[in-house]
Structure formats: C-alpha cells, structure tokens
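Read the structure below first, then the notes.
In my numbering, the protein residues as written are 238 to 871.
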C-alpha cells in the first residue's frame, strides 16, 4: 500500500462520502425531530429525512467507486504472490507450490480485499458517527466513546495470540493432509506389512494435534465476542440508562434518538464487521503471507567453469568441421554435454545426446519443425528442466554486462506468452533488477526495442499498466525490454517476437545483439536465422550447427526452411543466391498439379514467400500476403 499511495488516496477520497452519509444518518434524524416534527413543522422534518435519504444514495455511489480502488490494490498483491510461489516452486521443487498457488494465494487475495474494505469502513464510519455525536451534544460522546475504545483495545490485544493459534491450526492441518496423502495410496502395502497399528497411531497423533489447535483457536475467539459486546452493545445500554440524566443536562430528545441511530445503525455494524473480518480473516492473512513469502535465497546461477577453448561446432555425429586448423575460440557461454531429455521414463527422448558449445557473444538461432524440441532446449538452458542425462553449463562472460553483479541473473528466458502484471510500467520493466532502474535508462531501453510509442501513449514510466488493454505484441515488447534491462549475459528468446511484425522483430534482435552478451533465439521467422552468427537446425538425431551459408550446403531441412531450390540432380544453389529479399521456389518449375512457382527475385514487398499462381487473369500479387505472414501455415 505504501508503494501505491495514489490508489490509497483515491480510496480515502471516495470513502469520505461514506463519512458524510454516516454523519447525516443521525444528525438529520435528530434535526427532523427537534426542528421538525416535535416543533410542529412537518415540512422541515420531511426535508431533513429527505436529506438523509439523499446521503444514502451519495454514499452508495462512493462505495461503488471504492471497489475499483480496492481492486487496484489487491491485484498487484496477487501478482506478486503468484510470482513468488512459481519462482519458489521451480527453484526448490516445492511439493506445496500447487496448494499455495491454487488455494493460499486466493485466500490471501480475498482476505486482503475484505480487510481493506472492513478496516476502511470502520475508520470512516466511526469518524462520521463520533463527529455527529459531538455535533448533537458533547455529553453523548462521553457516554459512547469510552466503551467503544475499550472494546477496540481488547480486540487489538487478541490479534497476535489469534494469529499464532491460527498458524498452529493451519500447520497441523497441512501435516495431517500430507500424511493422509502418503497413507491412503499405500493402504494395501500397510496391510500386507502388518503396520496398521503403527500407521493408525501416527495419523491419530496428527488428528489430535489439529483438534487441540482448533480448540485453542476457539477459546481465544470467545474474547472477540466480549470485545463486540463492550464496544458495540454496551453503548446502547448506557445511552438508555443515562437518558434521564442526559435530558436533564440539555440533550434534546432528537439528539438522543440520533445517538441511538449512530450506535445501532453505524458503529455496531462497523465494529462487528471489523472484529469478524480482522479477527478471522486478518489472522489467516498474516499466516498465509508468511507461508507464501520466499524464505530461502535463490540458488546461485553460476555453473561450473567451461573449457577455456571449446570447438565452435558441435554434435560431432552430425556436424563436420571446417577444413584447416581453427583459431582459438572465445570462452563458451553455454556448453551442452551429451544432453538427453525425455518427458517420462517410457517416452522417446526429445533431445538425444546433443553436444554444443556456444561462444560468448554469439547470436544463435534455433530452427526446426514444430514439436522437435526447440522450446525444450531453451528450458534446459534456463534450467527450468533437468536433463535425463548429460549436463548444461552456463557461465557468465568475465567481461560481459555487469559481470558478477549481485542480484543480476546469469540467464533470462522470454517465452512466447509474455507476462505483464498490474502496476506501473517502470515496475514491469525493472522487475528483474535488484534496484529501481533510473528513468533515463528505462526510456533508452524502450527506444532501443521499439517500446517508445507505448511509453508515450501510457504517459511515461510511472503510468499504471492494465495488462488487459495491451495487445499481444505490446506485452511481448514489455517482456523483452524487461529482459533487456536485466543485463543477463545469456538471453533466451523462445519465439518471444511471434506477435511482432518483421521490422519490429529485427529491431529487437539487433538491440539485444548490440547490448552484448549471448543471444539464443528460437526463430519464428527464417529471417531470424539470416541475422544470426550461428544456426542450430534441430531435426531429431540429425541436428546440424553452423553458419547460414554452411547449412545451405549441408542441411536439406534448412534449405527447405529457407525456400532454397536447386535443379534436379544439380548442386545446391550458391550461398550468395540466398540473400534476404530474394524469392526461390521450393518446387521444380511446371509442378505436376498445374501450379507454376514464381522463380526469380524482385517481387513487390517480398518477405521470402514462394508465391504460386495460375493463368495471368487469375494472378495474385504478393500484396495479398501480409508482410511477415505465412503461406499455407508453413
């Protein structure tokens, strides 16, 4: 809430309308009696009652606006908790992460929203009622305020013990559930081993512990009832008991009725909501937040040192080295050794025995058919997956961006579905930095990656971001800029530009290349491979690695992907012929189906499509194809 003072201010401003409503609830009733009905002026009495009714309508309007402000506070909390739970679950293989994500995060979200509502309502309702009592007659305040303060103080003293007992109950419940989750699937084994008594005693002890915690929690809950009786119901008794004395000391009948209205219609319901909401939900929220907060530091991302001079080509069974003696290669950023991964013990490996060394500063593009394992490979590099066999070593460059800077990640992975959370644009962009990013650096990064237009439209880095109003491409640009600012020496883009047009995609990749470090791109378009220093073609066990020109000579799959064509029985086309902006048909001329492929370069606005057409009268220009789109899904 401290980080969102503007939202809190808006919440308080709308809540003032409720204060006015509470004030008029008793004051207008008192004036309607004293100055109206009891004085024989019915019109004045009806006028004051109409004023009170109007105040109810205005207060209801303010309450409606309050919900929007509460949502602006609650959703960022939920986003932060989800991020913590997912990070912790992935990092520590936490078995309780699913329960925390699906249940405890929602408990925290809902209870926090309820606590904001009831706490805000009590504060502003109490303020309006107490001001009204003082306005009607100061002696009324002396009767109502002391028991109200005593009830609130007693309730406040029970909060900490209630929280401790709520946590003990939650821990006992989780331990019992975890134990039952182990016992129930193994009942046949327990019976076969004759361990019924031992298991029953163990489970019975856990049930007894939860029962004890529940009883202790209930005993302390009794004090909440006492606090409510003192703070909300005792003032009613005192007003009635002291009525003769109050009337004898200048308190009018209307003021006395107004005071009763303040207590019964405003203070008692507000205090009841506060005690039940804060007493039950508040202690539960404190417990859940403590259990959701990350309590262990993230493991170091530094990998074992890689060889000082690694070969520039990999997958020895598939790749041939260039003739001659290669010069010493720079230190490697990523080294894959006999990497094998399968999604289950009986599953075929998605990646099988892959050896790869990627030097620091390399721009690597990964291409291949859908489902071949490109995203799996990036997840292995990011250590989101554990290899079935082999190893993945990622080592930061000694002269890379901010080498060894504490808090900066060694690697950053940007998936296809970009995540943007509710908050300011600066918070989204600086999420992976340990300290706030200077505004000048934010703006420079946004301009470098093409986010400047969105930055201007939203109103600058401090503007609030509503993820639902952003397009898929804008969300990808936010995630890419976040990764750019992370200064990670290894950036992994897993089709992270698929919602951008070709020009925007090129701008992003060139910005990452200029920034320094190693860039690995799962190519969404073949143009990404043309910009890369090295290309990894994934084709099962026929994985091939090399430069663009080299792969055109050696990889049939790569030639198909770039639309290369060579006459039947002839040699592959010369590498120079495969420059960007040139169309080459993938099929022989005079296709047997009667569709002629266009051979040659220079098609208007050509984006490396192969355009087929029939007779001249039915010819379609390349303008019918969206720039950067696909033809037939290929």
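Virtual Cβ for every residue (Gly too), placed ideally from N, Cα, C. Only a predicted model underlies this, so the values are computations on that prediction, with no experimental measurement involved.
Below 6 Å CB to CB, which residues in the same chain sit around residue 282 once its five sequence neighbours on both sides are set aside? 269, 273 and 274
Quick check: the Cα distance between residue 672 and residue 680, rounded to an integer number of angstroms? Computed Cα separation, rounded: 16 Å.
Decide if residue 611 is buried, meaning its Cβ has at least 16 other Cβ atoms within 10 Å, or exposed. buried
Taking residue 470 as the reference, give the member of 623, 395 and 389 with the closest Cα. Restricting attention to 623, 395 and 389, the CA atom closest to the CA of residue 470 is found in 389.
How many Å lie between residue 591 and residue 781 at the Cα? Across the structure, residue 591 and residue 781 are spaced so that their CA atoms are roughly 10 Å apart.
In whole angstroms, what is the alpha-carbon distance linking residue 633 and residue 622? 20 Å
Just to confirm the assignment, what range does the beta strand (DSSP E) spanning residue 569 have? 569-578
Could you tell me whether the region 723-741 touches the region 750-762, where touching means 3 or more Cβ pairs closer than 8 Å? yes
What distance in whole Å lies between the Cβ atoms of residue 522 and residue 771, which are believed to be in contact at a cut-off of 8 Å? Not confirmed; about 51 Å, so no contact.
Could you tell me the distance, in whole angstroms, from the CA atom of residue 651 to the CA atom of residue 662? 18 Å
Where does residue 461 sit, in a helix, a strand or coil, going by DSSP? helix
Taking the straight line between their C-alpha atoms, what separation do you get for residue 253 and residue 361? 7 Å
Which residues share a DSSP beta bridge with residue 596? 569
Using CA coordinates, which residue listed in 711, 496 and 722 is at the minimum distance from residue 737? 711
Per DSSP, residue 255 forms a beta bridge with which residues? None, per the DSSP bridge assignment.
Specify the secondary structure class of residue 732 as computed by DSSP and reduced to three states. Assignment of residue 732 by DSSP, reduced to helix, strand and coil, places it in the coil class.
Am I right that residue 355 and residue 504 are in contact with their C-beta atoms under 8 Å? What's the rounded C-beta distance? With a Cβ gap of about 14 Å, residue 355 and residue 504 do not count as contacting.
Apart from the five residues on each side of it in sequence, which residues of its chain come closer than 6 Å, Cβ to Cβ, to residue 742? Excluding the 5 residues flanking it on each side, residue 742 has same chain C-beta neighbours closer than 6 Å at 734, in chain order.
Look up residue 602 in the DSSP assignment and give the residues it is bridged to. As computed with DSSP, residue 602 is found in a beta bridge with 758 and 772.
Quick one: what's residue 264 bridged to in DSSP? Answer is none; residue 264 lacks a bridge partner.
Cβ contact check for the region 486-495 and the region 438-445: 3 or more pairs under 8 Å: no
Please state whether the Cβ-Cβ distance between residue 603 and residue 617 is less than 8 Å. Result no, Cβ atoms of residue 603 and residue 617 do not sit closer than 8 Å.
Given that a residue counts as buried once 16 or more other Cβ atoms are within 10 Å of its Cβ, and exposed if not, what is residue 255? buried
Leaving aside the five residues before and after residue 265 along the sequence, list all residues of the same chain whose C-beta is less than 6 Å from its C-beta, in chain order. Excluding positions up to five away in sequence, the list reads 285, 288 and 289.
CA-to-CA distance, residue 577 to residue 585, given in whole angstroms: 10 Å
Would you grab the beta carbon distance between residue 376 and residue 472 for me? Rounded to a whole angstrom, and I think it's under 8 Å. Contact flag wrong, Cβ pair sits at about 13 Å.
Would you mind sorting residue 448 into buried or exposed? The rule is 16 or more other CB atoms within 10 Å of its CB. exposed
Over what stretch of residues does the alpha helix (DSSP H) that includes residue 365 continue unbroken? In the DSSP assignment, residue 365 falls within the unbroken alpha helix (DSSP H) covering 342-373.
Out of 308, 625 and 260, which has the shortest C-alpha to C-alpha gap to residue 582? 625
Boundaries of the beta strand (DSSP E) in which residue 651 is found, first to last residue: It spans 648-651 - the beta strand (DSSP E) in which residue 651 sits, taken as one unbroken run.
Helix, strand or coil, according to DSSP, for residue 628 in the structure here? strand
Look at the alpha carbon of residue 373 and the alpha carbon of residue 267, and state the distance between them as a whole number of angstroms. 8 Å
Among 455, 795, 659 and 418, the one whose alpha carbon lies nearest that of residue 402: If we check each option's Cα against that of residue 402, 455 comes out closest.
Nearest to residue 766 by CA position, among 777, 411 and 787, is which residue? 787
Kindly indicate which three-state DSSP category residue 688 falls into: helix, strand or coil? coil
Reduced DSSP secondary structure (H/G/I, E/B, other) of residue 444: It is helical.
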